[in-house]
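A.B. asks: So for the sequence shown, my numbering puts the first residue at 336; every next one is plus one.
Sharing a structure, written as structure tokens. Questions coming.
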Amino acid sequence: MKPPRNSAVPGPSVTAHWVWADATHDHQTVRLRRPFDLRDAPKTAILYVTADDFFTLYVNGKQVDQSHSDANDGNVWQHVHRLDLTPYLTAGRNVLAIRAENIVGAAGFVARLELPGQPPIETDARWKVLDGPDAPQDWNMVAFDDSSWRPANVVAPVAGGQPWAGHLEGWPGDTGSVPYLAHLTLPWAKVVDAHPGAGKIGGADVGRRPGEITVTPPPVGATDSSSLVLDFGQEIAGRVMADGRTPGAVLVGTGESYEEATKSPWGGQHRLDLAPASPAYTPYSAFRYARLVFPPSAFGPIRLRVAVDHKYYPVQYKGSFDCSDPLLTKIWYTGAYTSHLCMQEDIWDAPKRDRARWIGDLHVSGEVINDAFADRFLMEQTLDRLRADAQGGRPDTDLPNDHVNGIPGYSCAWICCLADFHRHLGDYAFLSRQHDRLISLLEYMQGELDNRGVFINKRGKWPFVDWSPGFDGNSPLALAATHLFYVKAAHEAAFLLREMGDAANADKYAAWAEALTAAARQYLPDAATNTYGGRLQENAMAVYSGTATPAQVTAIGERVLNPDSDAWNKTGQPPYNNGVITPYYNNYVIYALSMAGRQGDALRVVRNDWGGMIAEGATTFWEGYDPHWDKHDFHAHLGADGNFGYYVSLCHGWSSGATSWLTERVLGVRPTGGGFKTAEIVPDLGDLQWVEGDVPAPGGVLRVRASLDGGRMSVSVTLPPGVDAVVGVPGSAATVNGRRVTPVRAENGRIYVRLRGAGKYVIGGA
């Protein structure tokens, strides 16, 4: 299908190339040179440069710049350095000289020098290269004879070259120029700190709204720089723009929290050289705060405007949610916005880091996207690319090269995410293209079982489940939880294959799902408690996957998932106390609680955990969170991804699941057939008085309002064309539009009635 339309944005330079030596190996050092002549000393000369992994730049023998490793950023090479070389270049002969290092994996160097009135000087085969740790002492000087050096090996074009394609931030002409992404200039909301130091600041009093800022930098030799901290009001994805009205320089660091921006800005500080009519930009990231530092300078007063070039996916908020608890309503929209910010080149895990497609994250955020936006293009693209990555270039009918993202449970997540997407959008053409990939992935997954039919990780992959002790490595807990996810995936695979018209394989994998269920029930439970152990993760998946028997569901709800149980024990130090669970896996916990008939407990968890983040100032949901963690400098105490502190993302797609849960388990709207042909509507209000919302379907918006009056529930439903629904309300009898109707079933204190065709209906329970 066609991507969303967007106004044209300039594309990146396509003539520069990644270059390197003829051979590439780990722990390698190369040197590169590019001599060139200038008729006159240039009035401006801007160099864009980066290397995978690190570089040191010399201009005419003088060291000008260097990239460094960053414990908070494993992809320093993505951040292009923009340097003003005007003071370093002269009339006549000049040379750019680079010492580049490769630590491990792919290696490359790319540069572009922009000079007025002549073509840019870019990395290509005209550069000369020397491979080896040693070089002559004067190798970086203009007069050095490099005739014995080899021409640089052209590795890949900067535009579209693998493995770097789409990952450079700040390349000239690159405005994050993906044709389906839009840009919006956003002002800062307020000044939260202004420190004139040895200089002066005007137009930026604390609390002040946006306007032109005037800074008189400290004089040369002063030690106390001027600085400002700007708050943009909420998490945003983009880049800081400094539009100088006068010449000058500013160092800009950003952070998702105030503390990150001021103590350890993600990606470090970026020097922006200001010039009238030539805005300067930081690399793209996600942040809320920006700290601007004006170092001592001989420049006079600097006048500038600061804003953000916000990059976003232009999608309509088709879904909605509201209820009698304003906190839950805010949680729904915060989760929707979290997932929206993750919709970038692909649907990423997060716009700060890893800025990558992970199917575990997408299984959560994708369902939010289905319920809030009903987007096809980016969902299909991301699902397609994730599965292609695992295939490794092999024919789709062959076994894949690896699990999706290299994680056995993530292969399950890909199947489940595909099923969720199909139920909502029903793109049968897209689904049919996944047939061979689905079959080959299922066959690959079967190779991980022992002769009992139990998942044992035969291939020795990473059986990640959650960032919690015992669930992020090859442990019995992780293996058990993965087996339970296998059960869910096998059931979903059978559904998908039946939707494709492949009855034989649908029957085959339905039988496999039953075999996996039987094996799980035989080998995995704790007989003493009738649960699946004492931890939240495997018990939540036992219920979510449909593996647990009714008696086990009851025991799990009472003994484990109950928020007052020992499974929620928060002893120990973050981020690795025994009871820790990320918002990612808490998604499965709240679904399991609802499925176990413990809606009050589920609401309690949502209010405590997702509501806890909002109480601490969240405008998007965080990668890791525990309500018991230290609130002082909160960001420094968050844990996830085997790390803690400012590394942890404050906008992570896998943490948005409360939004889809509110739509599907409180409002109660969930599709059961492909493309929303059939749906269940089962409002479950818990302690709420009313709930209402919209859910997008291919034929239009499905609208529901449910309210309680004197203990009786009334449900108003508007069905769009193409949807038949079964509605469940508490009671032993039901009316539709005032008339008593014959129910299709009665179950767990609810009566279910069928609605056929588009129209407005009012269902009452009695």
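Using N, Cα and C, we set each Cβ at its ideal position, and we do this for glycine too.
Out of ARG787, GLY782, GLY788 and TRP802, which has the shortest C-alpha to C-alpha gap to LYS796?
C.D. replies: By one-based count along the sequence shown, residue 796 stands at place 461. With distances taken between Cα atoms, LYS796 lies closest to GLY782.
A.B. asks: Can you give the Cα-Cα distance for HIS963 and GLY744, rounded to whole angstroms?
C.D. replies: Counted from its first residue, the sequence shown places residue 963 at position 628. Counted from its first residue, the sequence shown places residue 744 at position 409. The C-alpha of GLY744 is placed about 29 Å away from the C-alpha of HIS963.
A.B. asks: Is VAL541 buried or exposed, if buried means 16 or more other CB atoms sit within 10 Å of its CB?
C.D. replies: Position 206 of the sequence shown holds residue 541. Counting Cβ neighbours within 10 Å, VAL541 comes out exposed, since fewer than 16 surround it.
A.B. asks: For HIS826, I'd like the list of residues in its chain whose CB is within less than 6 Å of its CB, leaving aside the five on either flank, ordered along the chain.
C.D. replies: Position 491 of the sequence shown, counted from the start, is the residue given in the question as residue 826. So the list reads ALA848, once near-sequence residues are dropped.
A.B. asks: Does DSSP put GLN996 in a helix, in a strand, or in coil?
C.D. replies: On the sequence shown, residue 996 is found 661 positions in, with the first residue counted as 1. It should be pointed out that residue 996 corresponds to Trp in this sequence rather than to Gln. In the structure shown, TRP996 sits in a helix (DSSP, three-state: H, G or I).
A.B. asks: Determine the extent of the beta strand (DSSP E) in which LEU627 is found, giving its start and end residues.
C.D. replies: By one-based count along the sequence shown, residue 627 stands at place 292. It spans 620-629 - the beta strand (DSSP E) in which LEU627 sits, taken as one unbroken run.
A.B. asks: Quick one: using the 10 Å Cβ neighbour count with 16 as the cut-off for buried, is LYS823 buried or exposed?
C.D. replies: Along the sequence shown, one-based indexing puts residue 823 at 488. The residue in question, LYS823, is buried, as its Cβ has 16 or more Cβ neighbours within 10 Å.
A.B. asks: What does the alpha-carbon distance come out to for the pair GLU834 and ARG692?
C.D. replies: Sequence index remark: in the sequence shown, residue 834 carries index 499 (1-based). Sequence index remark: in the sequence shown, residue 692 carries index 357 (1-based). Approximately 26 Å, taken between the alpha carbons.
A.B. asks: Which value, in whole angstroms, describes the spacing of the CA atoms of MET780 and LEU871?
C.D. replies: Here the question's residue 780 lines up with position 445 in the sequence shown. Here the question's residue 871 lines up with position 536 in the sequence shown. Computed Cα separation, rounded: 25 Å.
A.B. asks: On the three-state DSSP scale, how would you describe LYS646?
C.D. replies: One-based indexing of the sequence shown puts residue 646 at position 311. Three-state result, LYS646: strand.
A.B. asks: Check whether the Cβ atoms of ALA621 and GLU570 sit closer than 8 Å, and answer yes or no.
C.D. replies: Start at 1 with the first residue of the sequence shown, and residue 621 comes out as number 286. Start at 1 with the first residue of the sequence shown, and residue 570 comes out as number 235. Going by C-beta atoms, ALA621 is nearer than 8 Å to GLU570.
A.B. asks: Using 8 Å as the Cβ pair cut-off and three pairs as the minimum, do the stretch 681-701 and the stretch 650-664 touch?
C.D. replies: Contact between the stretch 681-701 and the stretch 650-664 is absent, because fewer than three Cβ pairs lie under 8 Å.
A.B. asks: On a CA-only basis, which of THR379, GLY988 and ALA351 is nearest PRO686? Give me that one, please.
C.D. replies: For this step, residue 686 is matched to residue 351 along the sequence shown. Here the closest residue by C-alpha is GLY988.
A.B. asks: Between ARG606, TYR593 and THR1053, which lies nearest to VAL583 when the distance is taken from Cα to Cα?
C.D. replies: As a first step, residue 583 must be located in the sequence shown, where it is residue number 248. Inspection of the sequence shows that residue 583 is occupied by Gly rather than by Val. Among ARG606, TYR593 and THR1053, the Cα nearest to that of GLY583 is on ARG606.
A.B. asks: Do the stretch 963-980 and the stretch 640-649 touch if we need at least three Cβ pairs shorter than 8 Å?
C.D. replies: Short answer: they don't touch.
A.B. asks: Going by DSSP, what residues sit across from GLU1106 in a beta bridge?
C.D. replies: As shown, the chain starts at 336 and ends at 1101. That puts residue 1106 outside it, with no answer to give.
A.B. asks: Using C-beta distances below 6 Å, list every residue in its chain close to ASP681, excluding the 5 sequence neighbours before and after it, in chain order.
C.D. replies: Residue mapping note: residue 681 aligns to position 346 of the sequence shown, counting from 1. Here the set comprises ARG692 and THR717.
A.B. asks: Can you tell me the Cα-Cα spacing of ILE891 and VAL1036, whole angstroms?
C.D. replies: Position 556 of the sequence shown, counted from the start, is the residue given in the question as residue 891. Position 701 of the sequence shown, counted from the start, is the residue given in the question as residue 1036. One C-alpha to the other measures close to 36 Å.
A.B. asks: So VAL1058 packs on LYS1095, CB below 8 Å; how close in whole Å?
C.D. replies: Counted from its first residue, the sequence shown places residue 1058 at position 723. Counted from its first residue, the sequence shown places residue 1095 at position 760. VAL1058 to LYS1095, Cβ: 13 Å. No contact.
A.B. asks: Taking the alpha-carbon of ILE1098 as reference, which of VAL1061, GLY1084 and GLY1092 has the nearest alpha-carbon?
C.D. replies: Stepping through the sequence shown from its first residue, residue 1098 is reached at position 763. Here the closest residue by C-alpha is VAL1061.
A.B. asks: To which residues of the same chain is MET948 closer than 7 Å at the C-beta, ignoring the five residues directly before and after it?
C.D. replies: To locate residue 948, count along the sequence shown from 1; it is residue 613. Answer for MET948: PHE956, TRP957 and TYR960, listed in chain order.
A.B. asks: Just checking my contact of ALA1041 with LEU1020 at CB under 8 Å: how many whole Å lie between their CB atoms?
C.D. replies: Here residue 1041 is taken as the residue at index 706 of the sequence shown, counted from 1. Here residue 1020 is taken as the residue at index 685 of the sequence shown, counted from 1. Right, their Cβ atoms sit about 6 Å apart.
A.B. asks: Per DSSP, what are the beta-bridge partners of PRO522 in this structure?
C.D. replies: Translated into the one-based positions of the sequence shown, residue 522 becomes position 187. PRO522 is bridged to ALA642.
A.B. asks: For TYR1087 and PHE712, what's the separation of their Cα atoms in angstroms?
C.D. replies: What you label residue 1087 is simply residue 752 of the sequence shown in a count that begins at 1. What you label residue 712 is simply residue 377 of the sequence shown in a count that begins at 1. Straight-line measurement puts the Cα of PHE712 at about 35 Å from the Cα of TYR1087.
A.B. asks: Taking only the alpha-carbon atoms, compute the straight-line gap between ALA854 and PHE799 and give it to the nearest angstrom.
C.D. replies: The residue labelled residue 854 in the question sits at position 519 within the sequence shown. The residue labelled residue 799 in the question sits at position 464 within the sequence shown. Roughly 21 Å between the two C-alpha positions.
A.B. asks: Flag this pair as yes or no: are the beta carbons of VAL550 and PRO636 separated by less than 8 Å?
C.D. replies: By one-based count along the sequence shown, residue 550 stands at place 215. By one-based count along the sequence shown, residue 636 stands at place 301. For VAL550 and PRO636, yes; Cβs fall inside 8 Å.
A.B. asks: Is the number of C-beta pairs between the stretch 377-390 and the stretch 441-456 that are closer than 8 Å three or more?
C.D. replies: yes
A.B. asks: Name, in chain order, the residues that DSSP records as bridge partners for LYS535.
C.D. replies: Locating residue 535 in the sequence shown gives position 200, counting from the first residue. Paired residues: THR551.
A.B. asks: Going straight from the alpha carbon of ALA707 to that of SER991, what length do you get?
C.D. replies: Position 372 of the sequence shown, counted from the start, is the residue given in the question as residue 707. Position 656 of the sequence shown, counted from the start, is the residue given in the question as residue 991. Whole-angstrom Cα-Cα distance: 12 Å.
A.B. asks: Could you tell me whether the Cβ atoms of VAL464 and LEU392 are closer together than 8 Å?
C.D. replies: One-based indexing of the sequence shown puts residue 464 at position 129. One-based indexing of the sequence shown puts residue 392 at position 57. Going by C-beta atoms, VAL464 is not nearer than 8 Å to LEU392.
A.B. asks: Is it true that the stretch 527-535 meets the stretch 556-568, where meeting means three or more beta-carbon pairs spaced less than 8 Å apart?
C.D. replies: Yes: the two stretches touch, three or more of their Cβ pairs being nearer than 8 Å.
A.B. asks: Does the stretch 575-590 come close enough to the stretch 603-617 that 3 or more CB-CB pairs lie under 8 Å?
C.D. replies: In short, these stretches touch, since the Cβ pair count reaches three.
A.B. asks: Measure the beta-carbon distance from GLY701 to ASP755 and round it to whole angstroms, keeping in mind my assumption that it falls under 8 Å.
C.D. replies: If you number the sequence shown from 1, residue 701 lands on position 366. If you number the sequence shown from 1, residue 755 lands on position 420. Yes, they are in contact, since the Cβ atoms of GLY701 and ASP755 sit about 6 Å apart, within 8 Å.
A.B. asks: Would you call ASP901 buried or exposed, if buried means 16 or more other Cβ atoms sit within 10 Å of its Cβ?
C.D. replies: Position 566 of the sequence shown holds residue 901. Result: exposed.
A.B. asks: Would you report the Cα separation of LEU760 and ASN705, rounded to the nearest angstrom?
C.D. replies: Reading the sequence shown from its first residue, position 425 is the one you call residue 760. Reading the sequence shown from its first residue, position 370 is the one you call residue 705. Roughly 8 Å separates the two Cα atoms.
A.B. asks: If you compare alpha carbons, which of THR1007, PRO451, PRO811 and VAL526 is closest to GLY868?
C.D. replies: The count along the sequence shown starts at 1 and reaches residue 868 at position 533. Of the candidates THR1007, PRO451, PRO811 and VAL526, the one whose C-alpha sits nearest the C-alpha of GLY868 is PRO811.
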